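J.: Protein chains in written order, with the numbering used here: chain B, 522 to 887; chain Z, 5 to 82; chain H, 1092 to 1443. Each residue gets a CB set at the ideal place from its N, CA and C atoms; glycine is no exception. In this text the structure is predicted, and so the values were computed from the model without any measurement.
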Amino acid sequence: MKYINDFRNGELAKAISHEIIDIVKSDKHYKFMEFCGGHTHAIHRYGIPSLLPENVEMIHGPGCPVCVLPMSRIDKAIKLALLPEVILCSYGDMLRVPGTDQKSLLKAKASGADVRMVYSVDDAISIAKTNPKKQVVFFAIGFETTTPPTAFAIKQAKKLYLKNFTVFCNHVLTPVAMDSLLQSKEVNLDGFVGPAHVSIIIGSNPYEVVSKKYNKPIVISGFEPLDVLHSILMLIKQINENRCEVEIQYTRAVKRLGNPISLNLMNEVLELRNTFEWRGLGFIDKSALQIKSEFKEFDAEMRFELPETIGKEHKQCICGTVLRGIKKPKECKLFEKVCTPENPLGSCMVSSEGACAAVYAYGRIN
Amino acid sequence: MCLALPAKIEDIIDKERAIVNLGGITKEISISLLDKVSIGDYIILHVGYALAKLDEAEAKKTIALFEAMLEDQNNEIH
Amino acid sequence: MITETIEKKLIGPKINFNKGNVDLTHGSGGRAMANLIEQLFMREFNNEFLSQNNDQACYQVTNGRMVISTDSYVISPIFFPGGDIGSLSVHGTVNDVAMSGAKPLYLSASYILEEGFPLSDLKKIVISMADAAKQAKIKIITGDTKVVERGKGDGVFITTTGVGVVPENVNISSNKAKPGDHVIISGYMGDHGVAIMSNRNNLKFSTTIKSDSAALNELISSMVSSVPDIHCLRDPTRGGLAATLNELALQSKVGFIIDENKVPIREEVASACELLGLDALYVANEGKCVVICDPSNSQPLLKVMRSHPLGLYSEIIGKVIEDPRHFVQLKTKLGGMRIVDWLSGEQLPRIC
């Protein structure tokens, strides 16, 4: 696999690791947050912590759209799925996330709901076309990476006069979340390993505001282990040289201005919600998207009556503090003992990119 | 943050759809989010959509940087 | 000739397998069922046991230890690149018997058919089972057929039970792995799972990968002849290599360290796993075995395995260690260490 294996080369990884060891200042403790769940996953899957010096610490961030989706939204999705006329289409990630009372889409499926896993929103459109008598609802989640396909699909649906296709929109925004995290001042960070594929869409530009406002360097990192190591090296260099910049490590895919076609599409179909609840982060203004009025006929929240619910978390679940980088998974009383991938009590354990799932799956060696 | 991969455009069906090859696996995907793609281009694929063209020159530059690090370190030892 | 005898004594009219579907009479115990059994199962499986037309099969028991294993096959899609539910039901159970070191002898085959299932498909499946049995040198000697109403079954479910006999000096068991032992696998990981997934409607990708479904009894027989003192043998089916190693770790109360660089995975399988966000270590295999043996035996075993068509790409991939936590650890391609945990739930392709 070209351009994938090249960035997983063990020898080169060791070389970057040696560079890091060479340049870290022994009297300093470096604390970086990898914002993105995909980076958390990569870090643990490749055993990167064992290649970093002791005074370089990586903290997981809230960049896992599955993890930050509040229970009340999952409860709504389950309610939609249980409607007899509905076929609910969802990305695989969401099927096992527990809502209130440990219900989930997978459990709803087992009790008779028509829940279908799709790889792409296009598959949901196909299902709508071939099931004209059913209402097909697409459970849209994700940061800016996943949003343009949803926007495109809504436009497609309008072009095709699809009467039985709607989207339950839960798209959320990255720089706003970073700002909210830093504003709370709960976590001491020296810098961010910034999201790879979100940045393909939005470019590096939006991070410059955040970086300047809080004086934190941000390095936009590719997904592969060599990218992550390289980004950590770049961050350490910035700290040592007293610089504070937004740098692009992932130069092969990210450009400063992002993908204009995608951004225009998003602006055409979607608009900012006044506020949106994030699991663990509370309500954040202007942090999520909803469907614009011109396309409201494709909005599941318009078509279906969905009463507001308040999701009830497990009393001892500390996913919120883990998502904010304040606590680590092993500090949770439930971790491994009660909360496991087979029996996840919170979203951080069930999402394959949640911090708890990553540490449980890969990092329990020490 | 989301699972996205480089894949090579093998065939272009029309303005909106193309076939990509990822290490021998082929799949039909959407190229509607990109301006212009050609056969042989590498794109970054996410949930069935091409999000960006991969800049091969930059990719090679990045690897060369790592290789230079390795070489420097090997030279230091000898 | 047995076949000629069967032809002359047909109970009912000749079934046209090209047209027509399974209906409720095929499972009701009447003439239609007897007809189907005679013209399809008995004809294709064709052996002296079945031709006696009893409800059971009587076979001579040799002195020694016998092994019995059973498995049900519910795979979807029924036909896939490299096999079908029929060949799989033979290979799978033959392999389960063979993993004890036993020589598999006979299988029983029981079918639950859904009303409306095409007879042409049923015939294809039965012929496939007959071929698989012939290649594995075992006989299908008894069976059963039931039919359920439309909508109550997914086409066809097959259960096969196999019996075999274990040679005197062979004692293979999942609790026998010892610290210091080597771990060998017989070839590429993940082919079967990827072949199946490529045919599932909602995932739609094209690949040349075929299922590796195969009967391993002859390979294992030559391994056991050369090294009777194999400690453990398992086929990494559902849950893949990861599941098997975690099970063995628990049963033998040990740990494993596996070298990711040594695990053979085809590029296309790796690509499909990347595309779907899956880990090839968890993807099912149906024609591979995991071997745990004393380190002094690994080279001789490897030699024997590599000289068999089903073991050409065998590799020593790791070793057994003392570990009270019974972890399966992986030395990653990058040189870091991580755990390969149990599979939780069903592997769902991720986007994120």
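Under a Cβ-count criterion, where at least 16 other Cβ atoms within 10 Å of its own Cβ denotes burial, should residue 796 of chain B be classed as buried or exposed?
T.: Within the first sequence, residue 796 of chain B is the residue found at index 275, counting from 1. By the neighbour-count rule (16 or more Cβ atoms within 10 Å), residue 796 of chain B is not buried but exposed.
J.: Going by C-alpha to C-alpha distance, which of Z:25, Z:63 and Z:42 sits closest to residue 18 of chain Z?
T.: Start at 1 with the first residue of the second sequence, and residue 18 of chain Z comes out as number 14. When only C-alpha atoms are compared, the closest one is Z:42.
J.: Find the residues of chain Z that neighbour residue 879 of chain B, judging by a C-beta separation of less than 7 Å, and give them in chain order.
T.: By one-based count along the first sequence, residue 879 of chain B stands at place 358. Result: empty, since nearest Cβ-Cβ is about 13 Å, beyond 7 Å.
J.: CB-CB under 8 Å to residue 884 of chain B, same chain, minus the five flanking residues each way: which ones, in chain order?
T.: As a position in the first sequence, residue 884 of chain B is number 363, starting the count at 1. Correct list, in chain order: 565 and 570.
J.: Quick check on residue 1223 of chain H: does DSSP put it in helix, strand or coil?
T.: On the third sequence, residue 1223 of chain H is found 132 positions in, with the first residue counted as 1. Helix, per DSSP.
J.: At a Cβ cut of 8 Å, what residues of the region 1399 to 1429 of chain H count as close to chain C, listed as they run along the chain?
T.: The structure shown contains no chain C; its protein chains are B, Z and H.
J.: For the 8 Å Cβ check, are there 3 or more pairs between the region 1190 to 1199 of chain H and the region 1268 to 1278 of chain H?
T.: These segments do not touch.
J.: Taking DSSP as the reference, what is the three-state secondary structure of residue 686 of chain B?
T.: Within the first sequence, numbered from 1, the residue matching residue 686 of chain B stands at position 165. Residue 686 of chain B: strand per DSSP, three-state reduction.
J.: Please classify residue 1151 of chain H as buried or exposed, where buried requires at least 16 other C-beta atoms within 10 Å of its C-beta.
T.: Here residue 1151 of chain H refers to the residue found at position 60 of the third sequence. Residue 1151 of chain H should be labelled exposed.
J.: Are there three or more Cβ pairs, one per stretch, closer than 8 Å when the region 632 to 652 of chain B is compared with the region 673 to 685 of chain B?
T.: Output reads yes: the region 673 to 685 of chain B touches the region 632 to 652 of chain B.
J.: Short of 6 Å in beta carbon distance, which residues of its chain neighbour residue 706 of chain B, apart from the five on each side in sequence? Order them along the chain.
T.: Here residue 706 of chain B refers to the residue found at position 185 of the first sequence. If we look at residue 706 of chain B and ignore the five residues flanking it on each side, it has no Cβ neighbours.
J.: So, at 7 Å on beta carbons, what are the nonlocal neighbours of residue 1229 of chain H in its own chain, with the 5 sequence-adjacent residues on each side left out?
T.: Working through the third sequence from its first residue, we reach residue 1229 of chain H at position 138. If we look at residue 1229 of chain H and ignore the five residues flanking it on each side, its Cβ neighbours are 1185, 1195, 1196, 1197 and 1198.
J.: At a cut of 8 Å, does the region 685 to 697 of chain B reach the region 655 to 670 of chain B through at least three beta carbon pairs?
T.: Touching, per the Cβ criterion.
J.: Under a CB-based cut-off of 8 Å, is residue 1093 of chain H close to chain Z?
T.: Within the third sequence, the letter at position 2 stands for residue 1093 of chain H. In this predicted model, residue 1093 of chain H has a pLDDT of only 45, less than 50, meaning its place in the structure is not dependable; the value taken from the coordinates is given anyway. It does not; no Cβ of chain Z falls within 8 Å.
J.: Determine whether the Cβ of residue 1211 of chain H lies closer than 8 Å to any Cβ atom of chain B.
T.: As a working mapping, residue 1211 of chain H is identified with position 120 in the third sequence. No, residue 1211 of chain H lies away from the interface with chain B (no Cβ there is under 8 Å from its Cβ).
J.: For residue 27 of chain Z, would you say it is in contact with chain B, using Cβ-to-Cβ distances shorter than 8 Å as the test?
T.: Reading the second sequence from its first residue, position 23 is the one you call residue 27 of chain Z. By this cut-off, residue 27 of chain Z is an interface position.
J.: Assess contact between the region 773 to 786 of chain B and the region 49 to 67 of chain Z, defined as three or more Cβ pairs (one per stretch) separated by less than 8 Å. Is contact present?
T.: Verdict: yes, contact present.
J.: Between which residues of its own chain and residue 1335 of chain H is the CB-CB distance below 7 Å, once the five residues before and five after are set aside?
T.: The count along the third sequence starts at 1 and reaches residue 1335 of chain H at position 244. Cβ neighbours of residue 1335 of chain H beyond the five flanking positions: 1325, 1327 and 1381.
J.: When the Cβ atoms of the region 543 to 555 of chain B are set against those of the region 749 to 769 of chain B, are three or more pairs found closer than 8 Å?
T.: Enough Cβ pairs lie closer than 8 Å, so yes.
J.: My output table needs one value for residue 623 of chain B: the three-state DSSP class, helix, strand or coil.
T.: If you number the first sequence from 1, residue 623 of chain B lands on position 102. Here residue 623 of chain B sits in helix by DSSP.
J.: Pull up the DSSP beta-bridge partners for residue 1275 of chain H, would you.
T.: In the third sequence, the residue the question calls residue 1275 of chain H occupies position 184. Answer is H:1382 and H:1407.
J.: For residue 1038 of chain H, which of H:1260, H:1387 and H:1167 has the nearest alpha-carbon?
T.: Shown here, chain H extends from 1092 to 1443; a query on residue 1038 of chain H therefore has no answer.
J.: Helix, strand or coil for residue 1092 of chain H, going by three-state DSSP, please let me know.
T.: Reading the third sequence from its first residue, position 1 is the one you call residue 1092 of chain H. Here residue 1092 of chain H scores only 45 on pLDDT, less than 50, and its place in the model should not be relied on; the value that follows carries that caveat. Three-state result, residue 1092 of chain H: coil.
J.: Below 8 Å on C-beta distance, what does residue 669 of chain B contact in chain Z?
T.: To locate residue 669 of chain B, count along the first sequence from 1; it is residue 148. Those within 8 Å of residue 669 of chain B in chain Z are 37, 53 and 55.
J.: Just confirm the distance between the C-beta atoms of residue 1330 of chain H and residue 1373 of chain H, as a whole number of angstroms; I'd bet it's less than 8 Å.
T.: Taking the first residue of the third sequence as 1, we reach residue 1330 of chain H at position 239. Taking the first residue of the third sequence as 1, we reach residue 1373 of chain H at position 282. Correct: roughly 6 Å between the Cβ atoms.
J.: What is the DSSP secondary structure of residue 811 of chain B, reduced to helix, strand or coil?
T.: Numbered from 1 along the first sequence, position 290 holds the residue referred to as residue 811 of chain B. Note: residue 811 of chain B maps to strand in three-state DSSP.
J.: Given a limit of 9 Å on CB to CB distance, which residues of the region 1345 to 1369 of chain H reach chain B?
T.: Within the region 1345 to 1369 of chain H, the qualifying residues are 1352, 1358, 1361, 1362, 1365, 1366, 1367 and 1368.
J.: Note down the Cα distance separating residue 531 of chain B from residue 816 of chain B, rounded to an integer number of angstroms.
T.: Mapped onto the first sequence, residue 531 of chain B falls at position 10. Mapped onto the first sequence, residue 816 of chain B falls at position 295. If you take the alpha carbons of residue 531 of chain B and residue 816 of chain B, they lie about 49 Å apart.
J.: Taking only runs that begin and end inside the region 594 to 682 of chain B, name each unbroken beta strand (DSSP E) of 3 or more residues, in chain order.
T.: Complete beta strand (DSSP E) runs here, min 3: 607 to 611, 635 to 638 and 656 to 663.
J.: Would you check if the distance between the CB atom of residue 1277 of chain H and the CB atom of residue 1379 of chain H is smaller than 8 Å?
T.: As a position in the third sequence, residue 1277 of chain H is number 186, starting the count at 1. As a position in the third sequence, residue 1379 of chain H is number 288, starting the count at 1. Cβ atoms of residue 1277 of chain H and residue 1379 of chain H: closer than 8 Å.
J.: Beta carbons nearer than 8 Å to chain B: which residues of the region 1265 to 1290 of chain H have them?
T.: Those residues of the region 1265 to 1290 of chain H that come within reach of chain B (Cβ to Cβ, closer than 8 Å) do not exist; the list is empty.
J.: Give the single residue among Z:51, Z:39 and Z:73 whose Cα lies nearest to the Cα of residue 1295 of chain H.
T.: Indexing the third sequence from 1 puts residue 1295 of chain H at position 204. Looking at the Cα atoms, Z:51 is the closest of the given residues.
J.: Would you call residue 730 of chain B buried or exposed, if buried means 16 or more other Cβ atoms sit within 10 Å of its Cβ?
T.: Here residue 730 of chain B is taken as the residue at index 209 of the first sequence, counted from 1. Its Cβ having fewer than 16 others within 10 Å, residue 730 of chain B is exposed.
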